[in-house]
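*Asks:*
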Amino acid sequence: MHLMRTLRQSGFACFLLCTVNSQASIGQMFINEIYLDPPGSSGDLVFEYVELRGLPNASLADHYLIVLENETSATANPGEIEAIFDLGSLSTPFLGANGFLTLRQAGGNYSAFDSQATNLDNTLSSFTWGSGPTTSSVGFSDEGNNGVLENSGGTFMLVKNNGGSATIPFIPALPDPLIDLDVDDDNELDAGTILDSWTVFDSIGINGEASDINGLLYAPINFSAGTPDGGGNVPAGATFIDAGFEIEYFGRWGNSTGSSADDWHVSNLTNDNASGYQSTGDFRQSAEPHGVDAVGQFVETSQGVPYSMNLTGTMGSANLYIEDGDFDAIYNGDQYVFDGDVDGSDFLTWQRNFGFGDGQHATRRHGDANGDRTVEGADLALWRTNYGTGAGALVGIVVAVPEPSSLVLLVLGSVALWRKRRE
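Heads up: the sequence shown is residues -24 to -1, 1 to 399, going by mature numbering (1 follows the signal peptide of the UniProt record, and there is no 0).
#1: To which residues of the same chain is I180 closer than 6 Å at the C-beta, ignoring the five residues directly before and after it?
#2: Go through its chain and collect everything with a Cβ distance to P204's Cβ below 7 Å, but skip five positions before and after it.
#3: Run through DSSP, which three-state label would S200 get?
#4: Ends of the beta strand (DSSP E) at D20?
#5: Inspect the CB distances between the region 9 to 22 and the region 225 to 237 and report whether three or more fall short of 8 Å.
#6: Can you tell me which of the three DSSP states F132 falls into?
#7: Taking DSSP as the reference, what is the three-state secondary structure of D269?
#8: Helix, strand or coil, according to DSSP, for D62 in the structure here?
#9: In this structure, does DSSP put T361 in helix, strand or coil?
#10: Buried or exposed for A219, going by 16 or more other Cβ atoms inside 10 Å?
#11: Could you pull out every unbroken beta strand (DSSP E) segment of at least 3 residues lying fully inside the region 232 to 266, listed in chain order?
#12: On the criterion of 16 or more Cβ atoms from any shown chain inside 10 Å, does D238 qualify as buried, or is it exposed?
#13: Tell me, please, which residues DSSP counts as bridged to N138.
#14: In terms of residue numbering, what span does the alpha helix (DSSP H) encompassing R328 cover?
#15: On the three-state DSSP scale, how would you describe G227?
#16: By the DSSP assignment, the beta strand (DSSP E) with I189 in it spans what residues?
#17: G331 bridges to which residues according to DSSP?
#18: Pull up the CB-CB distance for D156 and N53, whole angstroms please, since I reckon it's below 8 Å.
#19: Using the three-state DSSP reduction, which class does R349 fall into: helix, strand or coil?
#20: If I follow the unbroken beta strand (DSSP E) through N183, where does it start and stop?
#21: In this structure, how does DSSP classify D355 when only helix, strand and coil are distinguished?
#22: How about T233 and Q4: do their beta carbons lie closer than 9 Å?
#23: Based on the DSSP output, what are the partners of V210 in its beta bridges?
#24: How would you label P148, buried or exposed, when you count the other beta carbons within 10 angstroms and need 16 or more for buried?
#25: Looking only at DSSP bridge pairs, what is D156 linked to?
#26: G267: buried (16+ other C-beta within 10 angstroms of its C-beta) or exposed?
#27: Compare the beta carbon distance of Q81 and V22 with 9 Å and say whether it is the shorter of the two.
#28: Inspect the beta-carbon positions of residue 444 and G72 and report whether they are closer than 9 Å.
#29: What would DSSP say about L125, mapped onto helix, strand or coil?
#30: For S117, which residues from the same chain have a beta carbon less than 6 Å from its beta carbon, with the 5 sequence-adjacent residues on both sides left out?
#31: Quick one: what does DSSP say F28 is sitting in, helix, strand or coil?
#32: Using a 10 Å radius around the Cβ and a threshold of 16 neighbouring Cβ atoms, would you call residue 407 buried or exposed?
#33: Where does T169 sit, in a helix, a strand or coil, going by DSSP?
#34: If you drop the 5 nearest sequence neighbours on each side, which residues of the same chain put their C-beta closer than 6 Å to that of N244?
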């Protein structure tokens, strides 16, 4: 699919863009994933989640994840802070030992998490994020106390407050107005606000639904379900991407750190039975029409993810990342490390991932040579057939290739280890 890309060329005058670009690499803390619109009539009450990534065990003191309103209406004013996660208020206000933090609504049935990550769900209500300290153990508060992220999207900003109590972001009690960071609605965040006292580590703008494409966004990188007349409403110098579909999920592509379209994956997820959904929070890549190999199918992804791929199975760890050729029907040799050679390094990749996939998740980078989405003995046979082919210097000269008898022992050992892991 082809995404429409627009760059407003009037320079990087926007304060936010300068802050984000200069601080993201220094702070090494990123928005990793946000699932803001799960399917079903009650999906956004229990299945929303947020994930952050950074240095192992990094402190979250004075850190906030905020959402700026994108809509313009009688009840919505773009640039206002409409939702906040107070990360310093968490019971464990640190990233995990592996550098990840996952926050979840109450009532969801996600079950697979990396044990090295900090994984927290709301324990002060039966469902939703709650709103305020009496109903949210994950530091969430929002306009209207609804306890959910708006399906329309907004601008998501990961910030650190350096100005003390005077510049803390908060949701005021009614009837006081929300904090507005774009008072004149000119699509540029205002200087002279509390923003001046913040470090902005990461930011992304989302207009999630077709009815919201006129929304104002404020990040260096912005995705939308469509393009309004006159082009996307983003700051000078920012990138606007027309995804061409409803955006329910967005996340970093692998362990990316930049602010280009290639650094992010936006998608629409599904719980349709045809996708292989198991009713355990394993939401899959959506498409229209549903079904594997359906005729005329349009897959709603910005990164070429195939229909039915599980997108919510990496909680507390690196996101999905697909190398070029991972899903090609015919592979050029049987490389798994993409260095131009079929050699000992590819064998080690196969060995490390033996048994992975269950017919759904394995790709070429895991060691799946025959394209059946599982790393198994048949892939090893193809590797042996192709060993020694390639244009570069063979790593196999350094990494010794086992003799056939040794391969049998390695396979048996791998099978035993795989069975032990599954028990």
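Each residue gets a CB set at the ideal place from its N, CA and C atoms; glycine is no exception.
*Replies:* Taking the structure as given:
#1: So the list reads F132, A195, I197, once near-sequence residues are dropped.
#2: I189, N190, listed in sequence order.
#3: Looking at S200 - three-state DSSP - the assignment turns out to be strand.
#4: Judged by DSSP secondary structure, D20 falls outside any beta strand (DSSP E) and instead within the alpha helix (DSSP H) spanning 19 to 22.
#5: With a cut-off of 8 Å, the region 225 to 237 and the region 9 to 22 count as touching, because enough Cβ pairs lie within range.
#6: Strand at F132.
#7: Three-state result, D269: coil.
#8: Residue state, collapsed to three classes: strand.
#9: Here T361 sits in helix by DSSP.
#10: So A219 counts as buried.
#11: Along the region 232 to 266, the beta strand (DSSP E) occurs as fully enclosed runs of 3 or more residues at 240 to 243, listed in sequence order.
#12: Counting the other Cβ atoms within 10 Å of the Cβ of D238 gives fewer than 16, which makes it exposed.
#13: None; N138 has no bridge partner.
#14: R328 -> alpha helix (DSSP H) spans 320 to 328.
#15: DSSP places G227 in strand when its eight states are reduced to three.
#16: Unbroken run through I189: none, as it is neither H nor E.
#17: Answer by DSSP bridge pairing: none, since G331 is not bridged.
#18: With 8 Å as the limit, D156 and N53 qualify as a contact, their Cβ atoms being about 6 Å apart.
#19: R349: coil per DSSP, three-state reduction.
#20: Boundaries of the beta strand (DSSP E) harbouring N183: 174 to 183, taken from the DSSP string.
#21: DSSP places D355 in helix when its eight states are reduced to three.
#22: By the CB criterion at 9 Å, T233 and Q4 fall inside the cutoff.
#23: According to the DSSP secondary-structure assignment, V210 is paired through a beta bridge with no residue.
#24: Exposed is the call here.
#25: In DSSP, D156 forms a bridge with E56.
#26: By the C-beta density criterion, G267 is exposed, having fewer than 16 other C-beta atoms within 10 angstroms.
#27: The Cβ atoms of Q81 and V22 lie closer than 9 Å to each other.
#28: Here the chain covers residues -24 to 399 and nothing more, so residue 444 does not appear.
#29: Judged by DSSP in its simplified three-state form, L125 adopts coil rather than helix or strand.
#30: Excluding residues within five positions, the ones whose Cβ falls inside 6 Å are I60, S107, G108, I147.
#31: Here the sequence assigns Leu to residue 28, which means Phe is not the residue at that position. Here L28 carries a strand assignment [DSSP, helix/strand/coil].
#32: Only positions -24 to 399 of the chain appear in the structure, and residue 407 is not among them; the question remains open.
#33: Reduced to three states, the DSSP call for T169 is coil.
#34: Result list for N244: F221, E222, E224, S262, E276, in chain order.
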